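One structure is given here, and the rest of the page talks about it.
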Amino acid sequence: MNPVEQIKHSRTEARKLRDPNADICFLALADNDGRASIRTLVLRDIGEIDFTIFINQTSPKWKLFSAGADYELLIWYPSQQHQFRIRGTAAPLDANTVGQNWLRRPQGSKYLDYIYEDFQPQSSELASREQLTAEVQRLKEVHKGQDMQAPSKVAGMKLIADQIELLDLNHEDRIHSRRRFNFVNNDWQMTELVP
Ligand SMILES: Cc1cc2nc3c(=O)[nH]c(=O)nc-3n(C[C@H](O)[C@H](O)[C@H](O)COP(=O)(O)O)c2cc1C
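Numbering (the working numbering), first residue to last: 21 to 215.
Rendered as structure tokens:
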């Protein structure tokens with residue numbers, strides 16, 4: 021069994037049922053001191069063994085990635101009763117792909133990317149919300165939309181899986197099925213786990 025194909029299938033079924041989690045994932049990172057952080061992200065493309073996310077280089081999570089932080093990506097589709105936990109390596113997405121995708125972002129998100137670059141980094145402290153909304157208003161007056169290009173700190177990451185765990189709750193008497201898959205010699209090897 022190929023666990024990436026299983027994720028794609030579960031996601032397709034989740035989308036059909038308008039599962040609110042169908043297009044998101046949860047990314048946990050650990051810093052050098054072992055301090056954990058976790059956040060929700062849009063899960064973009066799923067490749068043969070990789071998962072694409074879009075993030076900003078001014079953000080704490082980018083800094084953690086740059087420092088080689090360990091990660092785990094979690095996907096939970098309630099409509100399918102499937103949980104996936106993904107581990108592996110990470111590699112930045114090429115600038116061309118990032119730039120093309122960025123053009124399709126909602127307008128508000130584009131302004132925020134400008135904010136991160138020219139005003140304050142993502143996740144930094146604001147003096148007030150008014151300060152932020154005033155800056156967005158200023159940007160709206162300068163940039164009407166069509167002239168906007170991806171700022172240089174917009175980025176994407178490919179998370180390349182070497183281990184995927186599937187917890188399947190669709191079994192009788194709550195005796196769930198839990199399987200770990202390791203990518204070895206270009207193939208997925210399965211190990212059954214106590215759920
Ligand atoms: C539904 C949802 C989708 C999100 N998608 C993204 C995303 O695709 N990229 C992103 O950088 N942040 C996204 N966020 C915001 C992140 O969860 C997080 O708050 C932000 O990126 C700052 O993270 P950091 O301080 O850990 O770097 C999303 C949040 C939610 C609730």
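Don't be surprised by glycine CBs; every beta carbon is placed ideally from N, CA and C.
Note that the structure is a prediction, hence the values are computed from the model and not measured.
Spatial neighbours of residue i in its chain, beta-carbon cut-off 6 Å, leaving aside the 5 residues before and after
i, result
"K160", "none"
"N52", "none"
"M21", "none"
"T209", "Going by the sequence as given, residue 209 is Gln instead of Thr. Contacts found: N202."
Any non-hydrogen atom of ligand 1 within 8 Å of residue i CB
i, result
"T60", "yes"
"F139", "no"
"I73", "yes"
"P80", "yes"
"L44", "It is worth fixing the name first, because residue 44 is Ile in this sequence and not Leu. Yes - ligand 1 has a heavy atom lying nearer than 8 Å to the Cβ of I44."
"Q77", "no"
Same chain, Cβ closer than 7 Å to residue i, five either side skipped, listed in chain order
i, result
"F85", "A110, M177"
Check whether residue i and residue j have beta carbons under 9 Å apart
i, j, result
"R59", "F46", "yes"
"D182", "R107", "yes"
"E155", "I135", "yes"
"A50", "D114", "no"
"R199", "P23", "yes"
Residue i (DSSP reduced to helix, strand or coil)
i, result
"E33", "helix"
"Q183", "strand"
"Q77", "coil"
"L84", "helix"
"V204", "strand"
"E25", "helix"
"D51", "coil"
What ranges does the alpha helix (DSSP H) occupy inside the stretch 135 to 181, keeping only unbroken runs of at least 4 residues that lie completely in it?
As far as the stretch 135 to 181 is concerned, its whole alpha helix (DSSP H) runs of at least 4 residues are 149 to 162.
If we require 4 or more residues per run, which alpha helix (DSSP H) segments fall completely within the stretch 101 to 135?
115 to 122
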